[in-house]
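Step one of this worksheet: look at the structure below.
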Amino acid sequence: MNYAVIALVVFLLAGFMAMAGLGAAFLIIPIFYYMGVPLPTAISMGLLLNVVALAFATPGHHRAGNINYRVGLPIVAFAVLLAPVGAHVGTRINHELLIGGFAAFLVVAGAMMLFRRQPKARLQSSRAVEIATGSTVGGGVGFLAGLLGVGGGSFVLPVLHGVGVEPREAAGTTALVALTSSLSGFAARATLTALDPVFVIVAGTAAAAGAVVGIRVVSVHLSNTALKRMIGIVLWLVAAKMLIDII
């Protein structure tokens with residue numbers, strides 16, 4: 001196993017995705033698998049690296065004032081509540097059809113981020129409106145996450161932007177949600193696979209470093225317009241990966 005290549009790949013992907021408030025597991029897992037890592041190990045490592053990268057990225061977003069907790073915390077709470085419902089419904093519906101539909105949603109959402117101007121009507125700042133928005137989005141995210149077996153960050157991000165949340169705040173709030181869902185997913189798999197300590201240290205260090213650099217770029221060097229375009233590209237990458245999986 002070439003640890004130098006692994007470190008470089010993880011550093012670049014974790015940094016890029018951290019800028020958008022997302023984990024890189026959906027890209028890291030297939031890359032690890034193609035490099036010869038057994039799939040169960042690749043999945044566990046992908047989730048762990050999500051946790052590591054977002055654990056560094058989320059405080060950076062917090063310090064920059066990019067996290068709306070009155071929206072983000074209800075999203076987390078209601079996502080946890082509705083995920084089991086989605087999982088139950090998902091056992092009765094064609095999985096490939098659902099994945100295809102979600103990928104189509106992400107294609108549209110990515111196009112909106114790339115080509116649509118920021119909505120003029122901003123999300124109102126009253127506590128009641130923000131909590132209601134977070135609860136509604138969280139319920140939908142949890143249901144879809146359980147239904148499709150995917151993380152909710154790629155759904156949260158375009159929805160928050162669509163209701164008028166500023167791109168940096170949408171990315172920061174999404175990071176909080178993605179950190180929670182990744183931690184939950186890794187905890188569920190932690191006892192299923194044994195991970196090589198050297199592999200964990202090398203990849204984990206690279207993920208942490210990439211996340212720190214990514215947040216620095218967002219905070220200092222990236223305009224809202226550039227961030228929107230980057231997020232749009234990320235959503236298209238997620239959609240492409242989903243479609244490849246079901247073809």
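Numbering (the working numbering), first residue to last: 1 to 247. All C-beta atoms in this analysis are idealised placements derived from N, C-alpha and C, irrespective of residue type, glycine included.
- Contact check between the segment 25-45 and the segment 59-75: fewer than three CB pairs, one atom from each, fall below 8 angstroms, which does not count as touching.
- Runs of the alpha helix (DSSP H) lying entirely within the segment 101-183 and spanning at least 4 residues, in chain order: 127-148 and 153-162.
- Under the three-state reduction of DSSP, THR41 is assigned to helix.
- For THR225, the enclosing alpha helix (DSSP H) begins and ends at 224-246.
- Nearest neighbour of VAL9 by Cα position, chosen from MET19, PHE115, GLY21 and ILE31, turns out to be ILE31.
- Rounded to the nearest angstrom, the Cβ distance from ILE244 to MET113 is 21 angstroms, too far for a contact under 8 angstroms.
- LEU22 carries a coil assignment under DSSP once its states are collapsed to helix, strand and coil.
- Under the three-state reduction of DSSP output, ALA87 falls in the helix class.
- With contacts defined by Cβ atoms closer than 7 angstroms, PHE56 and VAL234 do not form a contacting pair.
- One Cα belongs to ALA83, the other to VAL198, and the distance between them is close to 34 angstroms.
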